[in-house]
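**Student:**
Protein chains: 2
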Amino acid sequence: MAKDFVRDVTSMDDDFAQWYTDVVTKAELIDYSSVRGSMILRPYGYAIWENIQKQLDKRIKETGHENVYMPLFIPESLLQKEKDHIEGFAPEVAWVTHGGEEKLTERLCVRPTSEVLFAEHFKSIIHSYRDLPKLYNQWSNVVRWEKTTRPFLRTLEFLWQEGHTCHETDEDAHEETVRMLNVYAELCEEYLAVPVIKGQKTEKEKFAGAKYTYTIESLMHDGKALQSGTSHHLGDGFAKAFGIEFTNREGKLQTVQQTSWGFTTRIIGAMIMVHGDDRGLVVPPKIAPTQLMIVPIAQHKEGVLDFAYDLKDKLSATIRTGIDASDKKPGWKFNEYEMKGIPLRLEVGPRDIEQQQVVLVRRDTGEKQTISIENLESQIQEILTDIQQSLFEKAKKHREEKTSVAVTFDEFKEILTNNGGFIKAMWCGDEACENFIKDETGATSRCMPFEQEQLSDKCVCCEQEGKHLVYWAKAY
Amino acid sequence: MAKDFVRDVTSMDDDFAQWYTDVVTKAELIDYSSVRGSMILRPYGYAIWENIQKQLDKRIKETGHENVYMPLFIPESLLQKEKDHIEGFAPEVAWVTHGGEEKLTERLCVRPTSEVLFAEHFKSIIHSYRDLPKLYNQWSNVVRWEKTTRPFLRTLEFLWQEGHTCHETDEDAHEETVRMLNVYAELCEEYLAVPVIKGQKTEKEKFAGAKYTYTIESLMHDGKALQSGTSHHLGDGFAKAFGIEFTNREGKLQTVQQTSWGFTTRIIGAMIMVHGDDRGLVVPPKIAPTQLMIVPIAQHKEGVLDFAYDLKDKLSATIRTGIDASDKKPGWKFNEYEMKGIPLRLEVGPRDIEQQQVVLVRRDTGEKQTISIENLESQIQEILTDIQQSLFEKAKKHREEKTSVAVTFDEFKEILTNNGGFIKAMWCGDEACENFIKDETGATSRCMPFEQEQLSDKCVCCEQEGKHLVYWAKAY
């Protein structure tokens, strides 16, 4: 790989934030515009999102949900109906005050999430236990007025899906909350090769208006955590505020139990920061828009391009295959597709054709192997499977190395300074300790994992009774 | 069909507007909310849109376009860069003036369309003729501040795709404009069974900022026209305003030529008003979320439900098949699925099972036939193909019956009063005549069809030279 073809990417270890910005722009995932805090999803970035959408939409439908579409605007009075909800979201909504030349009599907020719209609709369509469960989902854009923004991780506008469901009982809603968290976790681990910790948010960190919030948390290369998907048991808070009642099996009026759950373009940020390296992006094969890129060598020589295009046609039946037959130099192409994180490169030149072989280069390890074109397809499939698996295991190993136990607050601070990553530590349950830890160290409670352990009998902060094991970390 | 099961739909002939409102709500395509002029797309309505999207997205990709996603908000200064564009859109945009508690220093408009955002982005990524053509598309929501709204036809917010492309030459852009109009026309005719007239909009009716606009126009049951898709040659208007230049093949700086084209949820309104009848919706098989609905008869009797579910499993491989095994009465179910316009109903009861047969009922004609379960699948496929074809031909016949020729203005007015529909008449090319016709009759110029004829040598309005054949109609 000739040095002069390298497009500069800041080294991860020198400046992780700059590395991230370099990668998202140079791999052509996004571009900036004159709209503050918003990003343009370029073809490559959007294609990754389309693949995630396709997988997630399939699972959402398989679990019995139907897609709908709610309005973008929410009248201010509607947003105010559930008190915790408005309190949580008011500071970060965009307000429409004029339509054309006319000043509106009531402000409209641009949806930051759609609980209130769904609640209003549910009230009008749910009457009997026969109408339950009502399992809805929508794919949409939402807006949150963030001060500091970063592509994928925190933007004024982002794309997501939001599920909204109504159930007869608390238990049914609980099961739904768990079910959808598991759908997210499986998608992260099996498709994006991003290992996650499942758990419950503390009261302080839960969704505004929820009874409780379940979350999946992942760990980035730099040791910071990323909330990667949340699933909320809403209880009957919205249902009571909006009067969503049904005649139950005993013929009596009863209030529904609700859930909501969301998964966003943010996950692309996780994929970048978990798998990327100093040469750029590394995209897991299952989610990669292009899994294999063919680069013809000495393509001006007779037969090379024909051979390469034939390969492409043959492989395209089962493998998402690209070819770059432009007149750019092979070295430039190698760099370009390494930057874009395409899992596998296939090189083929005149000598290879003579010997009925091709060269395969793995993006994740750089490993190069010469392979006979007999059974090429199944051999590529095997390598892609291995890459997918290796990425997941490497990420898991990294997370394990970056997960520590702290019993005392001194240990806690020391780990955070020296190693970063997840800190497992006991917590008394008091928000004051959460606030103290955040103020002192910058770390926040990520979740109380479903798999609880009793690491010690004292809270890491106040030394009162340690009731819950909590994963703590600095987070995006 | 017992009368007491009928859900009231106003007769089309009594009150077409009320019939439309009844159908969209009772077939559960949409619901209203407290957001003025916006609609909720319910599961059935959204599923139809998903099927349209799937078909259109496939064609957009096959013709070489890539999907991207642009921000929802447009800073006021950006929107103002192209003068005709801002003039056209300013009266109908929603303005965001506050983010959280803070008043913005510059207003943001909620995109009514995204030409200016694409133009800004194109300027930053296009440098050489090698970067051309640039063929982009996005799926998104847009907002236009309409005074009077109607589900699907005219709403404050709607869903659509908008294509945006850059080309080296005027001719290339022209070809693209035609290509995408043809994609829309084919989708309408072959999938939605809605016949269209292709043509060019007059200067008065063209898109704000375009060089010219091509359109497909369809005719509704009540004789009013609906603009069903448009494709614009933008020339270099936006490109000059934004400075989108490239080094051409001669090494000189040149301005790009652009196109844009859009297709919206409005087309669902066309489908409803072209095929629907007094029993409700009629959905063409190719676009129907459920193509065949199985209604078991006497389902409490042994073996009926097993038989029905077996059928469903078998047919589902190739036909989108539903089953209603709820405890509602068959008559209620018949009405429900007729209201929803499901193309074909399959009834099966104990006697049918004995005789190894089922009953099929067509939604479009009401025709009932008893069919052996041997080769059932291929027989159903044949009937679905026939329904698709019949719907298209019926719609075409209706359009022909509702298309008249007017040579004089008296004829024009008489036709509009007595028959409605499309009026083919010559036009001098003067906007004054268009305005006069509109003021006097309510009809607008729909398009100058690509297939021109010389019906007479005089303008139907002013009796000056008749230069263009124009389709006129009252329109939605």
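If you're matching them up, the sequences are chains A and B in order. Under this note's numbering, the very last position in the first sequence is 476; numbers go up by exactly one each time. Under this note's numbering, the very last position in the second sequence is 952; numbers go up by exactly one each time. A virtual CB, placed ideally from N, CA and C, is assigned to each residue, including glycine.
Whose CA, out of A:Ala210, A:Lys211, A:Gln200, A:Gly209, lies closest to the CA of Ser228 (chain A)?
**Tutor:** Taking only the C-alpha atoms, the option nearest Ser228 (chain A) is A:Gln200.
**Student:** Quick one, are the C-beta atoms of Val672 (chain B) and Glu644 (chain B) less than 8 Å apart?
**Tutor:** In this structure, Glu644 (chain B) does not lie closer than 8 Å to Val672 (chain B) by Cβ.
**Student:** Thinking Thr245 (chain A) and Thr230 (chain A) are a contact (beta carbons under 8 Å), I'd like their distance in whole angstroms, please.
**Tutor:** For the sequence presented, residue 245 (chain A) should be read as Glu rather than Thr. So it is not a contact: roughly 27 Å between Cβ atoms.
**Student:** How about Ala473 (chain A) and Ala443 (chain A): do their beta carbons lie closer than 8 Å?
**Tutor:** The answer is yes: Cβ separation under 8 Å.
**Student:** Check the Cβ of Pro31 (chain A) against every Cβ in chain B and list those closer than 8 Å, keeping chain order.
**Tutor:** For clarity, residue 31 (chain A) is Asp in the given sequence; the question names Pro instead. Residues of chain B passing the Cβ test: His597, Ser600, Ile601.
**Student:** Less than 8 Å between C-beta atoms, sequence neighbours within five positions excluded: which residues of the same chain meet that for Ser802 (chain B)?
**Tutor:** Result list for Ser802 (chain B): Lys809, in chain order.
**Student:** Could you say if the stretch 369-380 of chain A and the stretch 397-407 of chain A meet the contact criterion of at least three C-beta pairs nearer than 8 Å?
**Tutor:** Counting Cβ pairs under 8 Å, fewer than three are found: no touch.
**Student:** Where does the unbroken alpha helix (DSSP H) through Ile720 (chain B) begin, and where does it stop?
**Tutor:** Looking at the DSSP string, Ile720 (chain B) is not in any alpha helix (DSSP H), and its letter there is neither H nor E.
**Student:** Residues of the stretch 814-845 of chain B in Cβ contact with chain A at a cutoff of 9 Å, in chain order, please.
**Tutor:** So nothing in the stretch comes that close.
**Student:** Taking 7 Å as the line, does the beta carbon of Val178 (chain A) fall inside it for any heavy atom of the ligand FMN?
**Tutor:** With respect to the ligand FMN, the structure shown offers nothing to examine, as it has no ligands at all.
**Student:** With DSSP as the reference, please indicate the residues paired to Tyr184 (chain A) in a beta bridge.
**Tutor:** Paired residue(s): none; Tyr184 (chain A) is not in a bridge.
**Student:** According to DSSP, which residues form a beta bridge with Lys820 (chain B)?
**Tutor:** In the sequence under discussion, the amino acid at residue 820 (chain B) is Leu, which differs from the Lys named in the question. Bridge partners of Leu820 (chain B): B:Leu768, B:Arg838.
**Student:** For a contact meaning CB atoms closer than 7 Å, what does Ala225 (chain A) contact in chain B?
**Tutor:** Those within 7 Å of Ala225 (chain A) in chain B number zero; the least Cβ separation is about 26 Å.
**Student:** Please list, in chain order, the chain A residues whose beta carbon lies closer than 8 Å to that of Glu526 (chain B).
**Tutor:** Result: Asn67.
**Student:** Using the Cβ count rule (16 or more neighbours within 10 Å means buried), how would you classify Lys3 (chain A)?
**Tutor:** Confidence in Lys3 (chain A) is poor, its pLDDT being 41 and thus under 50, which makes the residue's placement too unreliable to answer from.
**Student:** Whose CA, out of B:Ile829, B:Val946, B:Asp906, B:Val824, lies closest to the CA of Ala882 (chain B)?
**Tutor:** It is B:Val946.
**Student:** Assign Thr641 (chain B) to one of three DSSP states: helix, strand, or coil.
**Tutor:** DSSP places Thr641 (chain B) in strand when its eight states are reduced to three.
**Student:** How far does the beta strand (DSSP E) with Ala225 (chain A) in it extend, from its first residue to its last?
**Tutor:** Element bounds for Ala225 (chain A): 225-235.
**Student:** Counting only C-beta atoms, is Gln18 (chain A) closer than 8 Å to chain B at any point?
**Tutor:** No, because no Cβ of chain B sits closer than 8 Å to the Cβ of Gln18 (chain A).
**Student:** Can you tell me which residues form a DSSP beta bridge with Gly199 (chain A)?
**Tutor:** In DSSP, Gly199 (chain A) forms a bridge with A:Thr215, A:Pro449.
**Student:** Excluding the 5 residues flanking Leu56 (chain A) on each side, which residues of the same chain have their C-beta closer than 7 Å to its C-beta?
**Tutor:** Closer than 7 Å at the Cβ level, and outside the excluded window around Leu56 (chain A), lie Gln161, Leu187, Phe263.
**Student:** Would you list the residues sitting across from Arg42 (chain A) in a DSSP beta bridge?
**Tutor:** In DSSP, Arg42 (chain A) forms no bridge with anything.
**Student:** Glu504 (chain B) to Met815 (chain B), Cα distance in whole Å?
**Tutor:** In a straight line, the C-alpha of Glu504 (chain B) is about 9 Å away from that of Met815 (chain B).
**Student:** What are the boundary residues of the beta strand (DSSP E) that includes Cys585 (chain B)?
**Tutor:** Cys585 (chain B) -> beta strand (DSSP E) spans 578-586.
**Student:** His944 (chain B) by DSSP, collapsed to three states: which one?
**Tutor:** His944 (chain B): strand per DSSP, three-state reduction.
**Student:** Let's test the definition: count the other Cβ atoms within 10 Å of the Cβ of His697 (chain B) and tell me whether it reaches 16, buried, or not, exposed.
**Tutor:** Answer is buried; the Cβ neighbour count reaches 16.
**Student:** Can you tell which of A:Pro91, A:Tyr129, A:Glu440, A:Thr63 has its C-alpha closest to the C-alpha of Lys252 (chain A)?
**Tutor:** The residue with the shortest Cα to Cα distance from Lys252 (chain A) is A:Tyr129.
**Student:** For a contact meaning CB atoms closer than 7 Å, what does Ser38 (chain A) contact in chain B?
**Tutor:** Pro547, Phe549, listed in chain order.
**Student:** Leaving aside the five residues before and after Thr97 (chain A) along the sequence, list all residues of the same chain whose C-beta is less than 7 Å from its C-beta, in chain order.
**Tutor:** Excluding residues within five positions, the ones whose Cβ falls inside 7 Å are Lys103, Leu104, Arg107.
**Student:** Under 7 Å between beta-carbons, which chain A residues line up against Asp518 (chain B)? List them in chain order, please.
**Tutor:** Checking the sequence shown, residue 518 (chain B) turns out to be Arg, not Asp. Under the 7 Å cutoff, chain A gives Val68.
**Student:** Can you tell me whether Glu538 (chain B) is helix, strand or coil according to DSSP?
**Tutor:** Correct three-state label for Glu538 (chain B): helix.
**Student:** Spatial neighbours of Tyr184 (chain A) within its chain, please: CB distance less than 6 Å, with the 5 preceding and 5 following residues excluded, ordered by chain position.
**Tutor:** So the list reads Ile216, Gly229, Phe263, once near-sequence residues are dropped.
**Student:** Any contact between the stretch 312-330 of chain A and the stretch 358-368 of chain A? By contact I mean 3 or more CB pairs, one from each, below 8 Å.
**Tutor:** No: fewer than three Cβ pairs fall under 8 Å.
**Student:** For His541 (chain B), count the other beta carbons within 10 Å of its own beta carbon; 16 or more makes it buried, fewer makes it exposed. Which is it?
**Tutor:** That one is buried.
**Student:** Is it true that the CB of Ile536 (chain B) sits closer than 8 Å to the CB of Val592 (chain B)?
**Tutor:** The answer is no: Cβ separation not under 8 Å.
**Student:** To which residues does DSSP link Gln357 (chain A) through a beta bridge?
**Tutor:** The partner list for Gln357 (chain A) (beta bridge, DSSP) reads A:Ser372.
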